[in-house]
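A.B. asks: What follows is a structure written as C-alpha cells; I'll ask about it next.
Written out as C-alpha cells, the structure is:
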C-alpha cells in the first residue's frame with residue numbers, strides 16, 4: 013500500500029509520525045515527528061487509507077462534531093453523517109472511520125444507542 017500525505021507511520025522504536033510529503037521520483041517520504049504537521053495528525057488520530065478529498069471531509073466532520081457540547085449531541089451528529097455517507101459505496105472507508113469515532117465516544121462516555129438493528133435469526 014502506498015502511504016499518502018497525512019497517513020500515520022511508526023519507526024522501529026514505536027515513535028509515531030505523520031507523512032508530510034512524498035517524492036515519487038526518489039520514492040521517499042517526509043515524515044513529521046514534531047511540529048505543526050505532527051500536531052495536525054494527532055488532532056485527527058491515526059487515520060490511514062483515505063483519499064485526500066475524503067481526509068479533508070473527515071477532518072471537517074470531526075471539527076464540526078467537536079463543536080457540539082454534549083457527548084450525546086456528538087454521537088447523534090456522527091450518526092446523521094454516517095447515514096448520509098452510507099448511500100455512497102465509494103465512501104466506505106470514511107464511513108468506517110466515523111463509525112469507529114462514534115463507537116469510541118459511546119464506549120468512553122457510556123452512551124447506549126437509541127435505535128439499533130439486530131439479525132432476528134441470531135436472537
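Residue numbers (our numbering): 13 to 135. The beta-carbon is built from N, C-alpha and C at its ideal position, and this holds for glycine as well. Bear in mind the structure is a predicted one, so any value in this text is a computation, not a measurement.
Anyone know if the C-beta pair for residue 47 and residue 20 falls short of 9 Å?
C.D. replies: Your numbering for residue 47 matches position 35 in the chain shown. Your numbering for residue 20 matches position 8 in the chain shown. Taking 9 Å as the Cβ cut-off, residue 47 and residue 20 do not qualify as a contacting pair.
A.B. asks: With distances taken between CB atoms, is the gap from residue 44 to residue 29 smaller than 9 Å?
C.D. replies: Taking the first residue of the chain shown as position 1, residue 44 is located at position 32. Taking the first residue of the chain shown as position 1, residue 29 is located at position 17. Yes. Within cutoff.
A.B. asks: Select from 64, 134, 58 the residue whose C-alpha is nearest the C-alpha of residue 113.
C.D. replies: Here residue 113 refers to the residue found at position 101 of the chain shown. The residue with the shortest Cα to Cα distance from residue 113 is 58.
A.B. asks: Are residue 71 and residue 16 close, meaning C-beta to C-beta below 9 Å?
C.D. replies: What you label residue 71 is simply residue 59 of the chain shown in a count that begins at 1. What you label residue 16 is simply residue 4 of the chain shown in a count that begins at 1. No, Cβ-Cβ distance for residue 71 and residue 16 is not below 9 Å.
A.B. asks: Grab me the residues of residue 87's own chain with a C-beta within less than 7 Å of its C-beta, minus the 5 sequence neighbours each way, in chain order.
C.D. replies: Here residue 87 is taken as the residue at index 75 of the chain shown, counted from 1. Correct list, in chain order: 114, 117, 118, 123.
A.B. asks: Looking at the unbroken beta strand (DSSP E) that takes in residue 30, where does it start and where does it end?
C.D. replies: For the purposes of this step, residue 30 is taken as residue 18 along the chain shown, with counting starting at 1. Residues 28-35.
A.B. asks: Could you check the C-alpha separation between residue 4 and residue 73 for me, to the nearest Å?
C.D. replies: Only positions 13 to 135 of the chain appear in the structure, and residue 4 is not among them; the question remains open.
A.B. asks: Out of curiosity, what's the CA-to-CA distance linking residue 79 and residue 18?
C.D. replies: Position 67 of the chain shown, counted from the first residue, corresponds to residue 79. Position 6 of the chain shown, counted from the first residue, corresponds to residue 18. Cα to Cα, residue 79 sits roughly 23 Å from residue 18.
A.B. asks: Between which two residues does the alpha helix (DSSP H) containing residue 70 stretch?
C.D. replies: To locate residue 70, count along the chain shown from 1; it is residue 58. Per DSSP, residue 70 belongs to the alpha helix (DSSP H) from 64-78.
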